[in-house]
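Here's the structure we're looking at; comments come further down.
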DNA sequence: GGATGAGTGTTAACTAGTTGACACATGGGC
DNA sequence: GCCCATGTGTCAACTAGTTAACACTCATCC
């Protein structure tokens with residue numbers, strides 16, 4: 001009962017961050033945090049296939065496949081066939097999508113920089129370095145932690 | 158684009174931890190991490206109402222209400238009426254539920270203590286202290302972050 | 001004592017994710 | 001050339017969460 005606390009603290013921080021980020025994006029530009037993440041990862045891998053985007057987002061291929069029509073209809077994303085491989089659809093961020101992402105990014109940055117950097121008794125960058133080290137250690141020592149193949153669900157009955 | 162990285166690192170750590178914890182519990186005792194969390198929070202507030210348990214778990218009252226029958230059927234939980242307030246159902250952990258929780262706890266503790274404590278270039282306890290400070294700062298400076306009332310969903314269409 | 005307001009638990013309708021299956025495309029062995 | 005193994009995208013069925021609405025219990029206030 002003494003050791004899982006760190007895990008719980010991490011969960012609570014993430015929950016608070018998500019909730020707040022979501023609220024900001026909704027209020028300011030009628031956008032979901034989930035949509036923001038989609039655009040962020042696509043921007044970092046523009047022209048990616050659905051499979052690699054799913055991998056980056058940590059969700060299944062099916063989840064990405066189902067969301068793409070919405071982004072296309074709203075003009076944030078276009079898809080094209082891969083000239084070298086007919087089974088692959090390349091996903092591209094449009095100018096409009098990039099603009100929306102940029103606006104959301106600055107919104108979140110300013111919102112979170114103020115409370116976090118101010119008046120902390122320690123170095124936030126150092127904290128981040130330690131967390132990255134922890135993450136690397138976890139990924140190294142815990143077997144088969146590949147993204148895109150999360151644990152299989154098990155119903156409560 | 159430079160600042161949200163800490164957020165992303167936190168998300169990745171939590172995802173890795175969850176996935177691995179879930180796998181351990183499934184393999185060893187056919188249990189879900191979500192079920193584990195339910196028992197943990199109930200143990201910390203035995204006899205709680207569904208509303209306070211939902212609050213602790215960070216989910217809605219409806220979610221708790223729907224899960225209780227499963228835990229009752231498996232003998233991990235019993236419910237009783239509150240003698241002072243007819244609208245409240247008190248939820249209690251059974252002996253069997255406590256045993257299951259204890260087994261799962263030690264399982265996870267030993268699994269996570271090894272990779273985390275070993276060969277870190279910094280003090281894990283100090284890291285935890287800093288994270289708690291960060292959490293407190295976030296909860297203080299970000300408005301209305303009460304649990305149990307998460308952001309309203311917004312569909313992708 | 002009766003209206004009222006707040007808190008609790010449950011239900012229906014919905015959302016966003018999952019797994020598993022499938023059809024299809026590609027690249028290598030043989 | 002053919003077969004096979006692998007990777008991709010999509011569909012159906014399902015899961016676990018959500019909100020909104022409801023009935024209900026209680027305390028309070030007049």
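Residue numbers (the numbering used here), protein chains in the order written: chain Z, 1 to 157; chain U, 158 to 314. Just so it is clear, CB atoms sit at the ideal spot from N, CA and C, and this is done for glycine as well. Given the structure is predicted, the values throughout are model-derived calculations rather than measurements.
Query                                                                                                                                                  : Result
Give the DSSP bridge partners of residue 249 of chain U, in chain order.                                                                               : U/235
What residues in its chain sit with their C-beta under 6 Å from that of residue 228 of chain U, if we drop five residues either side in the sequence?  : 234
Tell me, please, which residues DSSP counts as bridged to residue 205 of chain U.                                                                      : U/248
Straight-line CA distance for residue 243 of chain U to residue 175 of chain U?                                                                        : 37 Å
Could you check what DSSP says for residue 242 of chain U in three-state terms: helix, strand or coil?                                                 : strand
If we cut at 8 Å on Cβ distances, does residue 12 of chain Z have a partner in chain U?                                                                : yes
Could you check whether the Cβ of residue 5 of chain Z sits closer than 8 Å to any Cβ belonging to chain U?                                            : yes
If you draw a straight line from the C-alpha of residue 168 of chain U to the C-alpha of residue 268 of chain U, how long is it?                       : 20 Å
Expressed to the nearest angstrom, what Euclidean distance is found between the alpha-carbon atoms of residue 99 of chain Z and residue 75 of chain Z? : 11 Å
For residue 254 of chain U, go through chain Z and note every residue whose CB falls closer than 7 Å to its CB, in chain order.                        : Chain Z residues near residue 254 of chain U: none, gap ~14 Å exceeds 7 Å.
At a Cβ threshold of 8 Å, is residue 233 of chain U touching chain Z?                                                                                  : no
Return the residue from the list U/298, U/238, U/212 and U/190 that minimises the CA-CA distance to residue 262 of chain U.                            : U/190
Closest to residue 250 of chain U by C-alpha separation, out of U/225, U/265, U/162 and U/208, would be which residue?                                 : U/225
Measure the alpha-carbon distance for residue 132 of chain Z versus residue 238 of chain U and round it to whole angstroms.                            : 48 Å
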